[in-house]
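Trainee: I'd like to ask you about the structure that follows.
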Amino acid sequence: MLVALAVKSSSSPRRRAGRALQVVTAVTAAVLPAIAGASPWEPRPEIQLPDDGRTAQKVELVDINADGWVDIVFANSKGEGVSGSNANAEVNQVLVNDQGTGFTELGGIFTDPDNAWVIKAGDIDADGDADLVVGVSFSSPSFVLINDEGTFTREDLVDSASASIGDLELGDVDNDGDLDIFASDWGDAAQHGFIDDPGGPLRLWLNNGDGTFANGDAQLMMGMELLAAWSFDVELVDINNDYALDAMISTRGDADPARVLLNDGQGNFSNHPVPALQPMNTKNINVAFTPMDFDGDGAVDVITLQDGGLSQCMGDPPVCARRNSLLLNDGSGGFTIPMAYWGPGDNPGRNDFDAASLDFNNDAKPDFVITGTSINNTVNSRLLLNDGAKFTVAPAPLDSAFPAVAQLNDTVGLMFADFDHDRREDVAVAQRDAALSNHALFGRDDPDDGIAEDDTPPRIYDDNIGSKLGTLLFFGQHAGFEARVNDYKTPSHWHDYLFDATLTGLKLTGDGAALTTHGRRLPYMEFALGLGDPQELVTMADDDPKKFIAPSIWFGEALWRVGFTVPYNGSKTDTLTWQYCAIDAAANRVCVGPFTVELGIDPESCGDGTVQEWETCDDDSPLCVMCENTCGDGMCEMPAENSTNCPEDCGPCDGVCGTADDPMCPDDCPDTDSDSGAVCGDGTCDDGEVCPEDCGETAGECNGVCEPTGGETCPEDCLCGDGVCGPGEDATLCPEDCPGETATDSDGQCPDGGAPGADGQCQLDDDGCGCVADGQGTRGLWGSLLLLGVFGVRRSRKRA
Numbered sequence: 001m002l003v004a005l006a007v008k009s010s011s012s013p014r015r016r017a018g019r020a021l022q023v024v025t026a027v028t029a030a031v032l033p034a035i036a037g038a039s040p041w042e043p044r045p046e047i048q049l050p051d052d053g054r055t056a057q058k059v060e061l062v063d064i065n066a067d068g069w070v071d072i073v074f075a076n077s078k079g080e081g082v083s084g085s086n087a088n089a090e091v092n093q094v095l096v097n098d099q100g101t102g103f104t105e106l107g108g109i110f111t112d113p114d115n116a117w118v119i120k121a122g123d124i125d126a127d128g129d130a131d132l133v134v135g136v137s138f139s140s141p142s143f144v145l146i147n148d149e150g151t152f153t154r155e156d157l158v159d160s161a162s163a164s165i166g167d168l169e170l171g172d173v174d175n176d177g178d179l180d181i182f183a184s185d186w187g188d189a190a191q192h193g194f195i196d197d198p199g200g201p202l203r204l205w206l207n208n209g210d211g212t213f214a215n216g217d218a219q220l221m222m223g224m225e226l227l228a229a230w231s232f233d234v235e236l237v238d239i240n241n242d243y244a245l246d247a248m249i250s251t252r253g254d255a256d257p258a259r260v261l262l263n264d265g266q267g268n269f270s271n272h273p274v275p276a277l278q279p280m281n282t283k284n285i286n287v288a289f290t291p292m293d294f295d296g297d298g299a300v301d302v303i304t305l306q307d308g309g310l311s312q313c314m315g316d317p318p319v320c321a322r323r324n325s326l327l328l329n330d331g332s333g334g335f336t337i338p339m340a341y342w343g344p345g346d347n348p349g350r351n352d353f354d355a356a357s358l359d360f361n362n363d364a365k366p367d368f369v370i371t372g373t374s375i376n377n378t379v380n381s382r383l384l385l386n387d388g389a390k391f392t393v394a395p396a397p398l399d400s401a402f403p404a405v406a407q408l409n410d411t412v413g414l415m416f417a418d419f420d421h422d423r424r425e426d427v428a429v430a431q432r433d434a435a436l437s438n439h440a441l442f443g444r445d446d447p448d449d450g451i452a453e454d455d456t457p458p459r460i461y462d463d464n465i466g467s468k469l470g471t472l473l474f475f476g477q478h479a480g481f482e483a484r485v486n487d488y489k490t491p492s493h494w495h496d497y498l499f500d501a502t503l504t505g506l507k508l509t510g511d512g513a514a515l516t517t518h519g520r521r522l523p524y525m526e527f528a529l530g531l532g533d534p535q536e537l538v539t540m541a542d543d544d545p546k547k548f549i550a551p552s553i554w555f556g557e558a559l560w561r562v563g564f565t566v567p568y569n570g571s572k573t574d575t576l577t578w579q580y581c582a583i584d585a586a587a588n589r590v591c592v593g594p595f596t597v598e599l600g601i602d603p604e605s606c607g608d609g610t611v612q613e614w615e616t617c618d619d620d621s622p623l624c625v626m627c628e629n630t631c632g633d634g635m636c637e638m639p640a641e642n643s644t645n646c647p648e649d650c651g652p653c654d655g656v657c658g659t660a661d662d663p664m665c666p667d668d669c670p671d672t673d674s675d676s677g678a679v680c681g682d683g684t685c686d687d688g689e690v691c692p693e694d695c696g697e698t699a700g701e702c703n704g705v706c707e708p709t710g711g712e713t714c715p716e717d718c719l720c721g722d723g724v725c726g727p728g729e730d731a732t733l734c735p736e737d738c739p740g741e742t743a744t745d746s747d748g749q750c751p752d753g754g755a756p757g758a759d760g761q762c763q764l765d766d767d768g769c770g771c772v773a774d775g776q777g778t779r780g781l782w783g784s785l786l787l788l789g790v791f792g793v794r795r796s797r798k799r800a
């Protein structure tokens with residue numbers, strides 16, 4: 001289904017509102033003649049691109065509406081030199097793929113003509129869908145079209161109105177997580193350069209993170225090294241394997257070689273002279289670069305076009321064509337040209353303008369197609385096969401990549417993708433001639449001379465990727481790494497990878513989890529916690545609830561960045577088993593791993609003021625020890641804990657002195673002398689101690705005998721004031737009931753030698769209730785009767 005898109009122009013922050021768009025009906029172009037068995041890529045009469053006389057300068061591929069079908073974008077302009085003006089301006093094109101049955105021009109995204117020489121697609125505002133960056137020549141502003149759910153908003157690039165942009169590239173050059181723009185400026189000299197042409201300055205725009213840009217030219221070097229004359233190609237590529245995007249800039253100046261700039265990782269560039277790119281003849285010509293690891297050593301090599309020296313002059317008047325070059329990288333950004341890799345018979349002089357790589361024969365080695373403008377009807381589009389040690393032109397009839405017909409004589413750009421989902425690479429070609437049409441050519445399904453179905457998975461380049469997470473990670477830590485992954489294709493795109501309609505239903509995590517509007521299964525890290533056997537991850541289904549999937553984010557060339565937060569699984573020690581995988585558009589999958597990393601708690605995380613999942617507290621309170629709350633562990637840890645600040649461990653207090661909670665409940669026994677050193681329960685009743693275990697009665701266990709402290713804990717045993725000197729009462733405990741009476745000794749004898757009375761106490765009177773002590777006088781009869789009558793009644797009541 002065709003998704004409606006909208007566009008609007010604004011120099012202010014973008015708004016969501018937008019007008020409905022018109023869909024432009026495709027115009028049928030002249031059908032290329034059918035040439036059976038003539039080339040691996042051929043036209044289909046029923047699928048023609050709209051043709052209305054526009055001149056294409058470059059082609060870009062992107063799934064603009066995220067429907068799983070790759071669309072085509074053409075940058076159109078017929079300006080040729082410094083005379084370029086509005087009269088040369090043309091409207092650019094977005095051709096939407098009708099699910100493999102054709103292409104329809106989508107109106108409204110580009111409504112105004114301009115002199116665009118390049119359009120690149122990328123996620124500029126980090127929302128997961130494709131935006132467009134347009135480089136405009138002849139002193140008109142270049143601009144960004146921000147895609148917001150199908151509505152496109154224009155933002156002009158600051159300080160770009162005076163520039164003539166020949167080419168640009170996207171990449172995160174300053175390592176801040178968003179895509180920046182590196183561009184070449186033609187200046188104001190003749191198009192193809194001339195003697196002493198100084199060229200124009202290189203340009204850098206740094207992304208603010210929201211799709212707006214600031215001028216970053218100050219991070220480029222100064223002086224003549226900043227100039228490049230009539231550059232048709234800019235590439236951001238990591239040439240020294242430090243995961244920082246360096247820059248390669250083609251030139252057509254007389255004395256200036258192509259530029260190579262090294263990036264320090266923060267977007268500061270310095271000149272990096274490459275001897276292999278020095279002029280090999282009287283005039284330096286360098287048209288384009290195709291970066292790819294052609295010899296399989298893990299370092300990016302480069303095919304350069306038209307800088308290999310003169311080879312022959314053809315025609316009348318003669319046109320002198322140039323060879324191309326292969327620059328082999330030593331891994332540190334040093335290049336050499338191996339003469340044996342590409343012989344003269346396979347590298348004739350041609351007027352080549354573009355080359356794109358792919359694995360044509362499924363041998364896990366990148367092959368490529370070169371194309372350009374034909375000289376005297378020579379074959380201008382050739383397929384070259386790579387065996388890892390040399391390039392050779394494919395055997396006939398595969399040698400002519402595209403039909404050798406006049407309708408394809410001015411091809412200046414090409415790009416590969418599977419347009420019809422038949423697992424074969426197709427190609428879009430741009431022609432720099434208003435009289436010639438752009439075309440979509442399809443991989444021919446022929447068992448002998450056609451293109452085999454893609455059955456080779458992508459390549460994950462870093463052999464040391466297993467060590468990138470180390471051996472120990474901490475819960476809550478942000479971890480990740482960078483990797484180089486491609487499907488043997490230059491350039492590298494989102495649509496090189498599987499369109500997965502189930503993607504959002506998986507257990508996505510990490511920095512790329514929210515950036516999946518494109519629907520592509522970009523290279524990803526998958527992992528699980530606590531596996532007994534690492535091989536469990538290899539066979540685990542993608543929708544297994546134990547499996548996490550962390551998608552990568554593209555940041556330039558074929559470089560990917562994956563980042564995630566280490567999850568906590570409830571255990572303070574654990575393991576994380578992981579592998580890094582990629583699935584191409586033809587569903588071929590490759591993984592590196594599995595690897596296992598130990599997980600633990602970061603000792604530095606305690607005290608940072610944030611309560612992590614594995615912490616119960618993170619402060620300096622008495623109850624927080626090593627970020628663990630001691631309250632609630634079932635132990636009353638005094639003096640830090642008490643019934644007030646931790647009743648679950650130390651209470652609640654019952655308000656009664658003499659129970660087991662007294663040590664943690666000071667308010668239950670307010671008379672306790674905290675300074676006496678008394679310890680309740682040690683078997684000794686210390687002075688001032690209030691402790692039933694050591695000093696007498698225990699609440700709830702009254703025995704009818706008045707014991708020390710019994711008046712407080714057992715008042716029914718110690719009825720002082722009832723007039724009766726009862727058991728356990730004496731002159732000390734109850735002086736009002738037992739004046740002058742004393743308790744017996746431990747042997748039951750009175751201390752004065754008398755015998756105890758019936759109440760067990762030694763008395764002064766002989767009232768029948770005790771003995772008469774010597775020298776103590778006599779109680780009167782009426783007093784005895786009074787005591788017997790009155791207090792006897794009370795005691796009788798008590799007994800009752």
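Residue numbers (the UniProt record's numbering): 1 to 800. Each residue gets a CB set at the ideal place from its N, CA and C atoms; glycine is no exception. Computed from a predicted model, the values in this text were never measured in an experiment.
(1) Thinking just about the alpha-carbon of each residue, which of ARG444, PRO458, ARG459 is nearest to the one in ALA452?
(2) May I have the straight-line CA-CA distance separating ASP71 from ALA276, to the nearest angstrom?
(3) Under the three-state reduction of DSSP, which class applies to ILE465: helix, strand or coil?
(4) Measuring alpha carbon to alpha carbon, tell me which residue in LEU326, ARG459, PHE474, GLU42 is nearest PRO567.
(5) Closest to GLN266 by C-alpha separation, out of TRP230, ASP180, ASN324, would be which residue?
(6) Looking only at its chain, what residues have a beta carbon closer than 6 Å to the beta carbon of THR373, apart from the 5 residues adjacent to it on each side?
(7) Determine the direct distance from the alpha carbon of THR610 to that of LEU508, and round the result to whole angstroms.
(8) Checking 8 Å against the spacing of the C-beta atoms, do ALA244 and ASN263 come in under that value?
(9) Just the Cα atoms here: how many angstroms apart are PHE182 and ASP608?
(10) Please work out which residues of its chain come closer than 7 Å, Cβ to Cβ, to THR517, disregarding the five sequence neighbours upstream and downstream, and give them in chain order.
(11) Just to confirm the assignment, what range does the beta strand (DSSP E) spanning CYS581 have?
(12) So, is ASN208 buried or exposed, given that buried needs 16 or more other C-beta atoms within 10 angstroms?
(13) May I ask you to report which of helix, strand or coil DSSP gives TRP230?
(14) Round the Cβ separation of ASP330 and ALA299 to the nearest angstrom and send it over; I've been treating them as touching at under 8 Å.
(15) For THR111 and ASP156, what's the separation of their Cα atoms in angstroms?
(16) For residue 823 versus PHE289, is the C-beta spacing smaller than 8 Å?
(17) Please return the same chain residues whose Cβ sits closer than 7 Å to the Cβ of GLN99, not counting the five positions on each side in sequence.
(18) For the beta strand (DSSP E) containing GLU637, name the first residue and the last one.
(19) Around the C-beta of GLY632, are 16 or more other C-beta atoms found within 10 angstroms, so that it is buried, or is it exposed?
(20) Where in the segment 528-564 do unbroken runs of the beta strand (DSSP E), each at least 3 residues long, occur, reported from the N-terminal end onward?
(21) Would you report the Cα separation of VAL597 and ASP511, rounded to the nearest angstrom?
(22) Just to confirm my understanding: we take THR573, look at its own chain, exclude 5 residues before and 5 after, and list those with CB closer than 6 Å. What are they?
(23) Hey, LEU441 and TRP41: beta-carbon distance below 8 Å or not?
(24) Please name the residue, chosen from THR575, GLU526, GLU557, that lies closest to PRO551 on a Cα-to-Cα basis.
(25) Touch check for the segment 520-536 and the segment 91-98: three-plus C-beta pairs under 8 Å?
(26) According to the neighbour-count rule (16 or more other Cβ atoms, all chains shown, within 10 Å of its Cβ), is PRO395 buried or exposed?
(27) To test your reading of the DSSP string, which unbroken beta strand (DSSP E) runs of 3 or more residues are found completely within the segment 76-109?
(28) Using a Cβ-Cβ cutoff of less than 7 Å, which residues in the same chain neighbour LEU220 once the five nearest sequence positions on both sides are dropped?
(29) Nearest to VAL136 by alpha carbon, out of ASP197, SER184, ASP544, PRO647?
(30) Measuring only the C-alpha atoms, how far is VAL379 from SER400?
(31) Which residues mark the beginning and the end of the beta strand (DSSP E) in which CYS591 is found?
(32) Should VAL173 go down as buried or exposed, given a rule of 16 or more other Cβ atoms within 10 Å for buried?
(33) Skipping 5 residues on each side, what residues in its chain have a beta carbon closer than 7 Å to that of SER160?
(34) Can you pull the DSSP bridge partners for GLN431?
(35) Excluding the 5 residues preceding and the 5 following ILE285 in the sequence, name in chain order all residues of the same chain whose CB lies nearer than 8 Å to its CB.
(36) Per DSSP, ASP301 forms a beta bridge with which residues?
Mentor: Considering the structure as presented:
(1) Stepping through the sequence shown from its first residue, residue 452 is reached at position 452. Of the candidates ARG444, PRO458, ARG459, the one whose C-alpha sits nearest the C-alpha of ALA452 is ARG444.
(2) Start at 1 with the first residue of the sequence shown, and residue 71 comes out as number 71. Start at 1 with the first residue of the sequence shown, and residue 276 comes out as number 276. Distance between the alpha carbons of ASP71 and ALA276 is about 37 Å.
(3) Within the sequence shown, residue 465 is the residue found at index 465, counting from 1. In the three-state DSSP reduction, ILE465 falls in the helix class (H, G or I).
(4) Within the sequence shown, residue 567 is the residue found at index 567, counting from 1. Looking at the Cα atoms, PHE474 is the closest of the given residues.
(5) Reading the sequence shown from its first residue, position 266 is the one you call residue 266. Considering only alpha carbons, the answer is ASP180.
(6) As a first step, residue 373 must be located in the sequence shown, where it is residue number 373. So the qualifying residues of the chain are ASN351, ASP410.
(7) Here residue 508 refers to the residue found at position 508 when the sequence shown is read from its first residue. Here residue 610 refers to the residue found at position 610 when the sequence shown is read from its first residue. Cα to Cα, the separation comes out at about 25 Å.
(8) Taking the first residue of the sequence shown as 1, we reach residue 244 at position 244. Taking the first residue of the sequence shown as 1, we reach residue 263 at position 263. Result yes, Cβ atoms of ALA244 and ASN263 sit closer than 8 Å.
(9) On the sequence shown, position 182 is the one that residue 182 refers to. On the sequence shown, position 608 is the one that residue 608 refers to. Rounded to whole angstroms, PHE182 to ASP608 spans 41 Å at the Cα level.
(10) The residue given as residue 517 occupies position 517 in the sequence shown. Within the same chain, THR517 has close Cβ partners ALA66, ASP127, GLY128, ASP129.
(11) Position 581 of the sequence shown holds residue 581. Start and end: 574-583.
(12) Taking the sequence shown and counting its residues from 1, one reaches residue 208 at position 208. With fewer than 16 Cβ atoms within 10 Å of its Cβ, ASN208 is classed as exposed.
(13) As a working note, residue 230 is residue 230 in the sequence shown. Here TRP230 sits in coil by DSSP.
(14) Reading the sequence shown from its first residue, position 330 is the one you call residue 330. Reading the sequence shown from its first residue, position 299 is the one you call residue 299. The pair is a contact, with the Cβ atoms about 7 Å apart (cut-off 8 Å).
(15) Counting from 1 along the sequence shown, the entry for residue 111 is found at position 111. Counting from 1 along the sequence shown, the entry for residue 156 is found at position 156. The alpha-carbon atoms of THR111 and ASP156 are separated by roughly 15 Å.
(16) Summary: the structure shown does not reach residue 823, with the chain confined to residues 1 through 800, and so no result is reported for it.
(17) As a first step, residue 99 is located in the sequence shown; it is residue number 99 there, counting from the start. Cβ neighbours of GLN99 beyond the five flanking positions: TRP69.
(18) By 1-based counting over the sequence shown, the position of residue 637 is 637. GLU637 -> no beta strand (DSSP E), and no H or E assigned at all.
(19) For this step, residue 632 is matched to residue 632 along the sequence shown. Looking at its Cβ environment, which holds fewer than 16 other Cβ atoms inside 10 Å, GLY632 is exposed.
(20) 548-551, 553-556
(21) Position 597 of the sequence shown, counting from 1, holds the residue named residue 597. Position 511 of the sequence shown, counting from 1, holds the residue named residue 511. If I take the Cα positions, the gap works out to 20 Å.
(22) For this step, residue 573 is matched to residue 573 along the sequence shown. Counting only Cβ-Cβ distances below 6 Å, and skipping sequence neighbours, we find GLY600.
(23) On the sequence shown, position 441 is the one that residue 441 refers to. On the sequence shown, position 41 is the one that residue 41 refers to. A contact, by the Cβ cut-off of 8 Å.
(24) Here residue 551 refers to the residue found at position 551 of the sequence shown. Ranked by Cα distance from PRO551, the first of THR575, GLU526, GLU557 is GLU526.
(25) No, they do not touch.
(26) Here residue 395 refers to the residue found at position 395 when the sequence shown is read from its first residue. Exposed is the label assigned to PRO395, since fewer than 16 other Cβ atoms lie within 10 Å of its Cβ.
(27) 93-97, 103-105
(28) Numbered from its first residue, the sequence shown carries residue 220 at position 220. Hits under 7 Å: LEU202, LEU204, LEU226, PHE269.
(29) The sequence position of residue 136 within the sequence shown is 136, counting from 1. Per the Cα distances, SER184.
(30) In the sequence shown, residue 379 corresponds to position 379, counting from 1. In the sequence shown, residue 400 corresponds to position 400, counting from 1. Those two C-alpha atoms are separated by around 7 Å.
(31) Counted from its first residue, the sequence shown places residue 591 at position 591. Where CYS591 is concerned, the enclosing beta strand (DSSP E) starts and stops at 589-600.
(32) Within the sequence shown, residue 173 is the residue found at index 173, counting from 1. Answer is buried; the Cβ neighbour count reaches 16.
(33) Locating residue 160 in the sequence shown gives position 160, where the first residue counts as 1. Taken in chain order, the residues that qualify are PRO141, SER142.
(34) Taking the sequence shown and counting its residues from 1, the one referred to as residue 431 is at position 431. Paired residues: THR411.
(35) Translated into the one-based positions of the sequence shown, residue 285 becomes position 285. For ILE285, where only same-chain residues beyond five positions count, the Cβ hits under 8 Å are ARG252, GLN306, ASP307, ARG322.
(36) What you label residue 301 is simply residue 301 of the sequence shown in a count that begins at 1. According to DSSP, ASP301 bridges with MET292.
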